[in-house]
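Remarks on the structure that follows.
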Amino acid sequence: MHPTAAPPSPPPHSLDRINHLLTHLLQSSLSIKSFTGRWQIIRSKLASLKSSISEISDSPHWSENPLLQNLLPNLLSTLHRLQTLSDQCSDPSHSVGKLLMQSDLDMATGWLCKQIQDIDLLLRSGVLRQSNAIVLSQPAPGSAKEELGFFIRDLFTRLQIGGIEFKKKATESLLQLLADDEKAATLVAKEGNISYLIHLLDLNAHPSIREHAVSVVSILASASEQSRKCVFEEGGLGPLLRIIESGSMGLKEKAAMAVEAITADVDNAWAVSAYGGVSVLIEACRSGSLTTQGYAVGALKNVAAVEDIRVSLGEEGAIPVLVQLLASGTASAQEKAANCIAILASSGEFFRALIIQERGLQRLLQLLHESTSSETLEHVLRAIYSLSASDSTSRTLSSSTTFIIQIAELIKHGNILLQQISASLLANLTISDGNKRAIAGSMGALVKLMESSKPDGLQEVVAKALVSLLTVRSNRKDLVRDEKSVMRLVQMLDPKYELVSKKFPVAVVAAIMAGGSQGCRKRLVAAGAYGNMQRLAEMEVAGAKKALQRLSGNRLKNIFSESSPNQSKN
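Numbering (the working numbering), first residue to last: 49 to 618.
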């Protein structure tokens with residue numbers, strides 16, 4: 049067994065004793081004739097150690113550092129053991145088994161290497177050069193980066209070299225630092241040994257230290273791009289997924305939060321499949337706590353963005369779980385589940401069929417009715433829009449008066465994205481005349497929307513939706529009675545008005561005039577549509593000549609023909 053007892057503080061003469069033993073071992077090992085290969089390795093280690101001990105001696109505060117309380121006594125014990133082995137190997141009369149001696153030498157060399165590594169770490173951290181290194185106190189808010197960096201290096205030195213109590217205090221201090229200063233995460237990732245921190249996520253780590261380590265890693269993964277990248281590159285994703293799979297409820301929640309944050313970067317999300325994490329996340333969505341479900345479905349949503357992994361989501365049974373979360377999850381989980389379903393529904397018939405099979409459309413329609421979140425509604429509508437590519441779904445939606453009225457209300461009162469998706473649905477569905485009459489009140493909002501140049505494609509779907517609604521005679525009359533809408537249309541027809549592609553208002557005017565109503569014609573002409581349309585016809589804008597003919601009519605032709613002789617006289 050390794051020598052154990054550690055004094056309360058390193059005695060001042062301990063370095064002298066270590067130096068004396070090192071000098072003696074370096075000399076005596078030269079004359080050893082047995083196991084020469086092993087002793088050659090030991091000598092090189094001893095020479096390196098002698099240099100490090102000399103550096104410690106030159107540090108004015110070495111005797112105050114609590115980490116040396118364990119390091120120096122254990123090192124002294126290892127050197128005593130090596131001295132004993134040196135004496136035995138130098139004594140021809142000493143009868144010890146060859147295999148046993150090899151084992152003893154290898155074990156002592158292992159102790160020596162570990163202690164040299166710890167001493168080198170302590171020296172590199174710079175804590176021995178600072179008198180305040182013996183006090184584990186957090187820098188005040190707003191402290192300089194240099195001071196914070198030193199504090200972080202000190203913490204990680206204690207974390208790697210110290211015993212259980214040192215490790216506990218170090219992780220507690222890290223948590224406190226990250227809680228008090230949101231910008232500290234980037235500096236922790238830069239100055240700290242994140243690889244060692246991730247090593248503490250292992251099941252064999254001390255329970256309380258492991259819990260703290262999971263919390264620290266979770267914060268680092270969520271805090272900044274640099275710290276998140278560091279956690280991923282140091283191999284954090286695999287251990288975090290294992291914790292989601294088999295950890296306690298609290299650890300699962302923190303690990304799931306970290307995985308969602310890590311997978312938000314598409315360059316990281318692909319690795320979930322490599323670690324077998326798709327099934328782990330699906331199970332967390334199925335049976336985890338509400339908090340874990342929220343983070344896990346967010347991670348699944350991130351993974352769904354990776355084309356190569358999408359198929360595995362279907363094969364592993366993600367769709368039934370996602371559909372269930374639409375009804376039973378928290379508001380956050382519902383939003384993320386709807387987002388994930390929208391991504392999958394837009395990626396092909398395979399997923400659309402699965403979603404419809406699991407009654408996903410009904411769940412989406414229910415959530416559309418119940419949710420007040422614009423973000424959730426946006427994802428729900430995107431999913432429904434993608435599902436409407438199926439003929440059966442399109443027929444179901446087209447015949448649902450409740451749904452048609454809902455999207456008409458979103459066109460009137462929703463944000464620009466909700467308005468665009470709702471208009472796209474109106475444009476693509478085959479709606480009955482009765483339902484078109486029911487939502488005539490949305491036409492003014494549609495005309496106003498057509499003035500918006502962003503987002504791309506909005507003007508086109510709005511024009512299509514309007515043309516569809518204007519196939520009903522009463523809707524045409526209602527629109528031209530709306531003076532604001534008529535004036536907007538006329539303004540959009542003006543060649544000087546460049547925000548709108550002219551083919552869209554031309555198509556709307558043509559749809560208004562399709563029934564040949566004299567009342568509609570009069571209102572449009574009175575508002576100035578004829579002159580603008582005439583100029584557009586001369587510019588050969590698509591559909592302008594036909595719309596101009598409808599605006600002219602026989603009566604207008606007579607008026608213009610009567611005015612011609614007078615004009616020629618003048």
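Glycine included, each C-beta is placed from N, C-alpha and C at the ideal position.
Distance CB(residue i)-CB(residue j) smaller than 8 Å
i      : j      : result
Ile469 : Leu517 : no
Gly1   : Gln341 : Outside the modelled stretch of the chain, which goes from 49 to 618, sits residue 1, for which no answer is possible.
Leu73  : Ile101 : no
Thr205 : Trp159 : no
Ser256 : Lys193 : no
Ala347 : Glu308 : yes
Ile66  : Leu116 : no
Ile292 : Val265 : no
Thr157 : Ile89  : yes
Glu282 : Ile242 : yes
Leu203 : Asp166 : no
Ala304 : Ala344 : yes
Ala233 : Leu248 : no
Gly336 : Lys300 : yes
Glu230 : Arg201 : no
Leu599 : Met561 : yes
Leu153 : Arg86  : yes
Cut-off 7 Å between Cβ atoms - residues of its own chain near residue i, not counting five sequence neighbours on either side
i      : result
Asn180 : With a pLDDT of 45 at Asn180, under the threshold of 50, the modelled position of that residue is not reliable, and no figure is offered here.
Val510 : Ala471, Leu494, Leu497 and Met498
Phe552 : Met498, Gln507, Glu508 and Ala511
Ser134 : Leu73, Ser76, Ser77 and Ile80
Val520 : Asp481, Lys484 and Arg485
Arg358 : Ala352, Leu392 and Ser395
Endpoints, the alpha helix (DSSP H) within which residue i is located
i      : result
Ser477 : Reading off the sequence, residue 477 comes out as Leu, not Ser. First-last for Leu477: undefined, no H or E at that position.
Asn387 : Ala379 to Ala393
Ser107 : From DSSP, Ser107 is part of no alpha helix (DSSP H); its letter is neither H nor E.
Gly487 : Residue identity check: residue 487 is Ile in the sequence provided, not Gly. Careful: Ile487 lies outside any alpha helix (DSSP H) and carries neither H nor E.
Val265 : Pro255 to Ala271
Arg430 : Ser422 to Leu435
Val371 : Ala366 to Ser376
Glu508 : Leu506 to Leu517
Arg407 : Premise fails: Arg407 is in no alpha helix (DSSP H) and is neither H nor E.
Pro553 : Lys551 to Ile560
Val573 : Gln566 to Ala574
Lys238 : Ala232 to Glu239
Pro287 : Leu285 to Ser294
Ser447 : Here Ser447 belongs to no alpha helix (DSSP H), and DSSP marks it neither H nor E.
Glu301 : Met297 to Thr311
Gly325 : Gly325 to Ser335
Ile80  : Segment: none, Ile80 is in no alpha helix (DSSP H) and carries neither H nor E.
Met587 : Counting along the chain, Met587 falls outside any alpha helix (DSSP H), and DSSP gives it neither H nor E.
Asp492 : Note that residue 492 is Gly in the sequence shown here, rather than Asp. From DSSP, the alpha helix (DSSP H) with Gly492 extends over Met491 to Leu497.
Leu207 : Lys193 to Ile209
Ala344 : Leu338 to Ala352
Contact belief for residue i with residue j at Cβ below 8 Å, rounded distance in angstroms
i      : j      : result
Val351 : Ala317 : 5 Å
Gln382 : Leu413 : With 8 Å as the limit, Gln382 and Leu413 do not qualify as a contact, their Cβ atoms being about 13 Å apart.
Val554 : Leu572 : Wrong, their Cβ atoms sit about 12 Å apart, outside the cutoff.
Ala319 : Leu285 : 6 Å
Val236 : Leu223 : Not a contact, Cβ separation roughly 11 Å.
Ala269 : Arg276 : 5 Å
Ile479 : Gln467 : At roughly 17 Å, the Cβ-Cβ gap does not stay under 8 Å, so Ile479 and Gln467 are not in contact.
Ser446 : Leu474 : Actually they are not in contact, since the Cβ atoms of Ser446 and Leu474 sit about 10 Å apart, beyond 8 Å.
Close Cβ partners of residue i (< 8 Å) along its chain, the five nearest in sequence each way excluded
i      : result
Ser79  : Ser138
Ile164 : Lys93, Ser96, Leu97 and Ser100
Ile403 : Ile367, Val371, Ile389, Leu392, Ala393, Leu409, Ala431 and Leu435
Val183 : Unreliable placement is indicated for Val183, whose pLDDT of 44 sits below 50; the coordinate value is still reported in the next sentence. Counting only Cβ-Cβ distances below 8 Å, and skipping sequence neighbours, we find nothing.
Leu338 : Gly377, Thr378 and Ala381
Asp542 : Asn580
Ala592 : Lys550, Val554, Met581, Leu584 and Ala585
Leu169 : Thr205, Gln208 and Ile209
Ser327 : Glu364
Leu374 : Gln382, Ala385, Ala386, Ile389, Gly408, Arg411, Leu412, Gln414 and Leu415
Beta-carbon contacts of residue i that lie in its chain and below 6 Å, excluding the five residues immediately before and after
i      : result
Leu465 : Glu426
Ala390 : His427, Arg430 and Ala431
Ala488 : Asn523 and Asp526
Arg129 : Ala156
Met540 : Val548 and Pro553
Phe199 : Pro187
Phe398 : none
Ile267 : Leu226
Leu514 : Leu494 and Val556
Ser442 : Ser436
Residue i at chain D interface by Cβ criterion, 8 Å
i      : result
Val371 : Chain labels in this structure do not include chain D; a single protein chain is all it has.
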